[in-house]
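The structure appears below as structure tokens.
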Amino acid sequence: MYNLVLLAARPPEWTHEQFITWWRGDHAELTYRLPGLRAWRHTEIDAALEPRSEGWDGISVLSFDSPEDLRKALASPEWADAVAQVGDMKGRRIAVMGHEAEMFAA
């Protein structure tokens with residue numbers, strides 16, 4: 001799998017609950033439509049391990065078969081719709097991409 005990993009923090013005027021509801025609701029409806037999307041995992045962050053890790057609300061991992069499939073999704077009208085929905089929202093995000101390696105499975 002090739003993943004797009006997004007770490008996000010809500011806009012300052014939103015509550016954590018509002019942001020998670022939007023992310024897993026209205027925004028998810030657009031995300032599901034991304035061409036080539038194979039899996040999507042979302043983690044609601046409810047605690048930070050240490051002070052330097054505070055201030056984040058959630059993590060999304062969007063999985064594709066290959067870097068090329070992710071690039072196609074990022075060039076798609078569906079991605080443009082998702083970006084437009086976010087608009088000028090004042091939240092923060094870190095977005096990174098890379099190959100997945102399963103390190104352990106019970």
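Numbering (the UniProt record's numbering), first residue to last: 1 to 106.
No residue lacks a Cβ here, since even glycine has one placed at the ideal position from N, Cα and C.
Near the ligand FMN: residue i beta-carbon under 8 Å from a heavy atom
i: E102; result: In the structure shown, the ligand FMN is absent, as is every other ligand, since no ligand is present at all.
Neighbourhood of residue i by C-beta distance below 7 Å, restricted to the same chain and skipping five residues each side
i: residue 111; result: The question about residue 111 has no answer, for the chain in this structure spans 1 to 106.
i: P12; result: K90
Paired residues, beta bridge with residue i - DSSP
i: F19; result: F19 pairs with nothing; no bridge assigned.
Assigned secondary structure, residue i (DSSP; H/G/I helix, E/B strand, else coil)
i: A39; result: strand
i: S63; result: strand
i: residue 107; result: The requested residue 107 does not occur in the structure, where the chain is confined to residues 1 to 106.
Close Cβ partners of residue i (< 8 Å) along its chain, the five nearest in sequence each way excluded
i: E78; result: L30, R33, L34 and P35
i: Y2; result: S63, F64, D65, S66, P67, D69, L70, M97, G98, H99 and E100
i: R10; result: H16, Q18, F19, D57 and G91
Beta-carbon proximity check, residue i vs residue j, cutoff 9 Å
i: A73; j: L62; result: yes
i: G91; j: W40; result: no
i: G55; j: A48; result: yes
Residue i, enclosing beta strand (DSSP E) - first and last residue
i: A9; result: Y2 to A9
i: A95; result: R92 to H99
Limits of the alpha helix (DSSP H) - the one that residue i falls within
i: E78; result: P77 to V86
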